Amino acid sequence: MVLNTPQVWCVFPTTTPTGWAPVTELGHLVAQLWETDLTIVSSESATPMWRQALAMSPRHRGKDPLLVICANPGDLLSLARSKVLAGRYGTIHGWIIDSFWDHLLPRFARQGHILDHLWITDGELIDDYQTRVNIPVSWAPWGTDALRWSKIKPRDRDIDVLRLGRQPNAWKDDDISRDVLKAAGLSFQGTFPGQPDSASNEAAVTSHLLRSKIVLASGNMSSPANYTHPTREYISARFTDAAACGTLVAGTPPHCQAAELLPEEGLIRMPVSSREKGITFLTDAATSWTPTLSRRLQAHALTHLDWRHRIADISTSMGVSTPTLERAMAELDTQITTIQG
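Residue numbers for the sequence shown, in the UniProt record's numbering: 1 to 341.
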């Protein structure tokens with residue numbers, strides 16, 4: 001166990017805090033496993049040029065290891081600040097969530113003077129990043145708190161189809177979707193109110209997923225928005241959280257390396273160009289859902305998608321070890337055996 005205190009920063013835009021609720025919860029989980037506190041840092045729209053220039057020079061090194069979880073590569077600019085440059089921290093790793101916005105990578109981050117290692121969620125961009133930075137780049141894909149959700153006592157699945165987040169045009173109108181699905185004998189839950197903080201927002205999402213047999217979710221090519229990438233596909237929390245809750249996902253999944261980690265039997269690949277084309281897929285899926293299938297999806301999530309696997313890899317690379325982390329990994333193995341049994 002390291003004698004120095006590991007530190008965790010979570011950097012994201014303050015203008016859309018609830019949109020980054022899953023990332024905030026990830027930061028809290030890392031801090032819990034590392035037996036430390038989480039520091040929330042507001043991303044800076046403009047970092048003074050003198051600080052950016054200073055960040056190009058080799059930094060003084062301290063003792064405390066630091067992990068910076070960033071919304072996008074540009075948020076690495078948060079490291080261009082005095083307590084970093086003055087030498088409080090030892091090894092510094094960056095974990096970029098929306099790594100597909102690679103054009104935002106700051107110039108100083110490419111030199112290797114401040115950062116020691118980069119972790120990105122898009123596996124297909126490893127080589128792209130590696131050619132641009134002088135430090136190791138590794139894959140830490142998007143995940144979920146599968147261990148936490150798998151401990152919740154199973155409840156009645158009173159919702160056949162849940163709408164969660166952005167949708168293709170054919171499924172954007174909740175009122176029409178409700179009428180169409182009702183005519184097919186399926187219950188429907190449309191958009192539900194967001195919550196004021198990350199923890200309650202995540203709890204609301206999970207509560208609805210645990211009550212649902214199917215959740216509607218498609219990749220960003222089928223359900224684009226002004227904040228999604230126009231050409232690069234990626235998975236979002238809806239896909240991983242659904243598996244962790246034993247819920248089927250209906251729609252057009254993204255084509256990307258991280259999607260290969262999702263349970264294939266949990267994906268209902270249905271056409272999304274019209275509601276009518278998807279109804280048969282949804283009625284068949286609702287009929288096929290069983291508690292046994294749900295447990296298989298949860299076991300898959302525990303094995304392949306749980307955040308603790310990513311955190312353990314990063315911890316090993318940073319030389320961080322705590323009793324809490326060791327117990328969590330042991331508990332994860334035990335829960336996998338329990339769910340599968």
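Where is the CB? At the ideal position from N, CA and C, for every residue including glycine.
Fair warning: this is a prediction, and the values are worked out from it, not measured in the lab.
Rounding to the nearest angstrom, what Cα-Cα distance links residue i and residue j in this structure?
i	j	result
A243	R211	13 angstroms
D128	G27	26 angstroms
A21	A199	7 angstroms
A170	I311	38 angstroms
R232	F12	21 angstroms
L302	R178	33 angstroms
T206	R81	37 angstroms
G249	L297	In the sequence as presented, Gly is not what sits at residue 249; that position holds Val. Their backbone Cα atoms lie some 11 angstroms apart in a straight line.
G341	D284	27 angstroms
G185	G143	33 angstroms
I114	R132	15 angstroms
D160	K182	10 angstroms
P65	L38	13 angstroms
S274	D173	12 angstroms
V137	Q130	6 angstroms
residue 343	H60	This structure does not reach residue 343, given that the chain is present from 1 up to 341, and the question cannot be answered.
A204	G62	41 angstroms
Quick one: is residue i near chain D, going by C-beta distance under 7 angstroms?
i	result
V11	Structure shown: chain D not included; a single protein chain is present.
Taking the alpha carbon of residue i as the point to measure from, which residue in the options has its own alpha carbon closest?
i	options	result
L104	W9, I40, L297 and G74	G74
T91	I135, P106, I97 and F100	I135
Q189	L164, T24, N201 and S200	L164
P291	I214, Q111, R59 and Q257	I214
H208	G246, Q298, W171 and D179	G246
F239	N4, T231, S43 and P254	P254
W95	W289, S317, D333 and G341	S317
L77	V133, A109 and P65	A109
E331	A146, S138, V320 and I40	A146
H100	S218, S294, G251 and Q257	According to the sequence shown, residue 100 is Phe rather than His. For F100, the nearest C-alpha among the options comes from Q257.
I339	H300, T322 and W119	H300
residue 352	M270, S150 and D313	No information on residue 352 is available, as it lies outside the stretch 1 to 341 that the chain covers here.
A328	N72, Q7, P193 and L33	L33
T5	V30, T36 and T24	T36
A259	E276, Y234 and E265	Y234
S222	C70, L261 and P168	P168
R308	A140, D158, W289 and N72	A140
With H, G and I counted as helix, E and B as strand and the rest as coil, what does DSSP make of residue i?
i	result
I126	helix
P65	strand
D175	helix
T324	helix
T5	coil
I268	strand
L332	helix
I135	coil
L76	helix
L181	helix
P141	coil
Over what stretch of residues does the beta strand (DSSP E) that includes residue i continue unbroken?
i	result
G278	No beta strand (DSSP E) holds G278; the alpha helix (DSSP H) holding it covers R275 to S288.
L38	L38 to S42
Which first and last residues belong to the alpha helix (DSSP H) in which residue i is found?
i	result
S315	W307 to M318
P291	P291 to H304
T24	A21 to L33
R157	Looking at the DSSP string, R157 is not in any alpha helix (DSSP H), and its letter there is neither H nor E.
R148	A146 to S150
Just to confirm the assignment: which complete beta strand (DSSP E) runs, minimum length 3, are found wholly within the region 190–265? If we require 3 residues or more, the beta strand (DSSP E) runs fully inside the region 190–265 come out as 212–216 and 248–251.
Give the list of continuous beta strand (DSSP E) stretches no shorter than 3 residues that lie fully inside the region 84–122. Counting only unbroken stretches of 3 or more residues, the beta strand (DSSP E) elements lying wholly within the region 84–122 are 89–96 and 117–120, in sequence order.
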